[in-house]
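To keep things clear, I will list the structure first and then write my remarks on it.
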Amino acid sequence: MEYNFRDIEKKWQQQWKDSHAYRVLNESSKPKYYVLDMFPYPSGAGLHVGHPLGYIASDIYSRYKRLKGFNVLHPMGFDAFGLPAEQYALDTGQHPAVTTRNNIATFKSQLNNIGFCYDWEREVNTSEANYYKWTQWIFLQLFDSFFNRLTGRAERISALVAAFEKEGNKSYPSPGETTLRFTADQWENFDEAQKMNVLMGYRLSYCGYGEVNWCEALGTVLANDEVVNGVSERGGYPVVKKKLRQWYLRITEYADRLLQGLETVDFSDAMKEMQTNWIGKSSGAEIDFELEVNEKKTASKLRVYTTRPDTIFGVDFMVIAPEHELVDQITTQEQLSAVEEYITYVKSRSERERMAEKKISGVFTGAFAINPFDGKKIPVWISEYVLAGYGTGAIMAVPCGDERDHKFAKHFNIPVTNIIGDHYKGEEANPTKEAILENSDFLNGLVMKDAIEVAIKEIESKGIGIRKTNFKMRDAAFSRQRYWGEPFPVKWIDGVAYPLSEKELPLELPHVDSYKPGPEGEGPLANIPAWTSQHLETNTMPGYAGSSWYFLRYMDPANTTEFCSRKASDYWGQVDIYIGGTEHAVGHLLYSRMWTKAMYDLGYIGHDEPFKRLINQGMIQGSSRFVYRINGTNKFVSKGLLNEDGSYGKNKDKIDVIHADVNIVDGLELDTEAFREWRDDYRDAEFELEDGKYICGAEVEKMSKSKYNTVNPDDLVQKYGADTFRMYEMFLGPVEMSKPWDTKGIEGVHRFLKKLWRLFYDELKGKVWTDEQATDDELKVLHKAIKQIEEATERFSFNTGVSGFMIAVNELNDLKCTKKEVLQPLLVLLTPYAPHVAEELWQLLGNEGSILNAPYPVFEEKYVKESSKEYPVSINGKLRTTMNISLDATSEEVEKMALANEIVQKWLEGKAPKRIIFVKGKMVNVVI
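In structure tokens, the structure reads:
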């Protein structure tokens, strides 16, 4: 009876589906455990072998926790809205709903083929109306809420209105417009539009005007990480800065709680550092500087934010962001041309590029700021390294204390008048002393911490600034000028945004035949008269809207009256373990944490952090293959025939290096006939071979369809089986590490499963397993495996878990052990890793019920406890042999054993030893 993995796997996948083996209930006497994958975007390319890495890891752990007696929630769904689907529709002429539906079907087929234990009855699809109804509903809850800084939590707008009616905004300064001040009487006299505009400055989801990355060719706003070198990452189209009306999430109000929450979750230190740096909390002061243009003071003042107000006497120039509102007001006629040229350049740059840029750039405005302490005139410059969204969009530059400021001053020959020297030596250093000795008494002699505090008090007493805590994080842009996204449940009437009622949800996305942008940068919905006649918002929500809360919907996916019942959310609580890639380390994690905190504040759920533990899986990289074509010909040269400089032959012909499909390369040897059939332009290819073979070049790169280095898991499952594929992905190395794919190694794992099968059934003899009682040695192998594999699985060290199985099977094979008493528990251990073969053999052993519900084997130390030890035996202190001695042996017993040993007898030469020294647990020494 042979191991027919194809029939076995299809059989059990169908039986598990028919019996609802993976159905999970919200009520159970078992303890709950929630294992979550970052759900995929269903692209047209389908899965390649790199995608399932995290899914296999979570599947193993989910099955393991089920066997350990937990009620395990392990769901899957699809993050189906977003720009790629719409762009694909534009490119192919298909509707994104159609392509998304087809892509999801492909993904589900591939996932099921690998044998995952998903409860598909809980599947979510963010682009379906029964899901995004609740995304819209949550948006309305955020719209109807503000962050009460007095209580540190979200509360209803009605509570804010009640406070305004009583005392104006005295106790509730606006986070949106910091200069806004009004009394209760003034509030009462505001008309409805004025009141709504004031409240917009407080709402957690709000509308405003912001500078965005506008891509005309794609007709949409792009996030900073979607822009590279001034062009869109997708398509390489030009991107410019443009002011558009945008929706935002006021995530900055949650900055402190987002930081505090990191102390309560089990994320890696690197992940916590990334989030902390992104939030970027700092403390200091905002200071107002008067401005002078052409020797005349202006009505406007320049407000800067600094973490080092004690260095104010070391300021030699100011730098403002190119987008700063004062640029137009203070630029002199002499500098106008240079400033306009520089701003045009900056508009083509993404924020990420500006932050990373090491090249110094900038332009002088022609204006000067006046130091409020000593009256010194300070030139005002513009530079891209200052961002409008951080602080006030302006900094005071202190070259004597900041390396970047010093390089800027040196590059543009700006005089550096205050030289402090290297006084930055820690808390006790006085970084301002030499700069301020002749200018100020109030800072002289203070250590840095005290100097900062005194400087802030002096600034506040002079009325030229305030103490300020800032965050680098900005409010999250929450709208896109695209079609394929959640419609906003909002109507605009006379310039005022009014929310739809809950009864009007879902506001469904209308069918369109054209996805071209609307007028003035609006989304495609602006082209639909039936939509605009209702005054509906023409932007749609971004891709991350649905992914900010999907983990809650999995808890109660069929609920038609609530996004998730409080009973369900209280039962499942936090996600116990969340697995996904580091590409979502900041954006998605921060937004989902913020949404969770807001829903907690409003009483809809009972936890304010979504994920207890986070594991970031590494990337499976592609192992690319290259062929070498003589330029201008269709002749391909084997790699070993190339010259050292990469040319070919005596004439040093130029070579084109071309990616080849890895699926037609065996190791490094190209299948030349398959290559000719691969693409029409290679049909007449000629080959210069070495030793009768065409040898390709190789390089580890990102696995990508464009590099032809992707491998379809369906092909490997067909050839080797899902169980082999699952175990091989884990065997490649630690889950958290990136590693290159190598299909050749999968053969070894497949041989292991065949070897396991032969412990039960021989291809010629048939059944070989027996009901005989196991020996101590056989039970020792089993319990060693239980200990190693359980510990490896708990640590997510699945590669060592696979190794543990291999070691156990080899040792049982050496012992010729085919006993059910040993093999049956081994199958339960194997179930999370290779569920199909485990289930098949479990049934063939005569068990009733599924192995999915079997109890996990319990490790018993007595079976692995050593009863003897290998001792070194020395003659006169020199090691001569070893002896296996019982751990309970007495000195007298050891002495008799030593005298009977052949090696010892040889050295004694018939004489009696002077003495025998036995050090228990260490050594035996015979003195002669």
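For the sequence shown, position 788 matches number 2285 in this note's numbering, and the numbering has no gaps at all.
Positions of the beta carbon are idealized from the N, C-alpha and C atoms, including for glycine.
- When DSSP states are grouped into helix, strand and coil, M2234 belongs to the coil group.
- A check of alpha carbon separations from V1951 across P1806, D1576, L2349 and E2367 identifies P1806 as the nearest.
- For the 8 Å CB-CB criterion, L1701 and A1994 do not form a contact.
- If you look at W1744, you'll find it in the beta strand (DSSP E) that goes V1737 to L1746.
- Taking V2278 as reference, the option from E1838, K2316, F2293 and H2247 with the minimal CA-CA separation is K2316.
- For the set Q2402, I2400 and E2367, the Cα lying nearest the Cα of M2420 is the one of E2367.
- Setting aside the 5 residues that flank it on each side, K1527 is surrounded in the same chain by G1566, F1567 and N1568, each with a C-beta closer than 7 Å to its C-beta; the list follows chain order.
- Around the beta carbon of L2229, 16 or more other beta carbons sit within 10 angstroms, so the residue counts as buried.
- Comparing alpha carbon positions, the residue from E1730, Q1638 and Y2125 closest to I1654 is Q1638.
- If you look at V1709, you'll find it isn't in any alpha helix (DSSP H); it sits in the beta strand (DSSP E) that goes S1702 to C1712.
- In terms of CA proximity to S1779, Y1887 leads the group F1786, Y1887 and K1856.
- Around the beta carbon of Y1561, 16 or more other beta carbons sit within 10 angstroms, so the residue counts as buried.
- For V2361, there is no enclosing beta strand (DSSP E), as DSSP marks it with neither H nor E.
- Inclusion of D1616 and R1520 in the CB contact set at 8 Å is warranted, their separation being smaller than that value.
- Here the alpha carbons of N2024 and V2072 stand approximately 42 Å from one another.
- Counting only runs that start and end inside the stretch 2104-2190, the alpha helix (DSSP H) elements of at least 4 residues fall at 2169-2175.
- For E1770, the secondary structure class from DSSP, reduced to helix, strand or coil, is helix.
- Counting only the Cα atoms, E2336 lies some 32 Å from N2160.
- Per DSSP, K1692 is one residue of the alpha helix (DSSP H) stretching across E1689 to M1697.
- Look at the stretch 2363-2410 and you find these whole runs of beta strand (DSSP E), each 3 residues long or longer: 2365-2372 and 2375-2383.
- For L2087, the enclosing alpha helix (DSSP H) has its first and last residue at G2084 to D2098.
- A residue is called buried when at least 16 other Cβ atoms come within 10 angstroms of its Cβ; A2282 meets this threshold and is buried.
- Contact annotation: T1749 and R1977 have beta-carbon atoms that are not nearer than 8 Å.
- Around the beta carbon of P2054, a 10 Å sphere encloses 16 or more other beta carbons of the protein chains shown; the residue is thus reported as buried.
- In this structure, N2113 places its C-beta atom within 8 Å of the C-beta atom of T2079.
- Listed as beta-bridge partners of K2264 by DSSP are Y2258.
- The Cβ atoms of N2344 and L2256 lie no closer than 8 Å to each other.
- The beta carbon of T1632 lies closer than 6 Å to those of E1983, A2042 and G2043 in the same chain, with the five residues before and after it left out.
- Judged by their CB atoms, I1601 and P1549 are not nearer to each other than the 8 Å cut-off.
- Per DSSP, the beta bridge partners of Y1802 are E1783.
- Counting C-beta pairs with one atom in each stretch, the stretch 1723-1734 and the stretch 1685-1697 have fewer than three that are closer than 8 Å, which means they do not touch.
- Short of 6 Å from the beta carbon of A1818, and not among the five residues preceding or following it, lie these beta carbons of its own chain, in chain order: V1883, L1884, A1885 and G1890.
- In the DSSP assignment, I2283 falls within the alpha helix (DSSP H) that extends over D2273 to E2291.
- If you look at G2343, you'll find it isn't in any beta strand (DSSP E); DSSP assigns it neither H nor E.
- Residue environment for Q2285: buried (at least 16 other C-beta atoms within 10 angstroms of its C-beta).
- With a cut-off of 8 Å on Cβ pairs, the stretch 1826-1835 is not in contact with the stretch 1704-1711, counting fewer than three such pairs.
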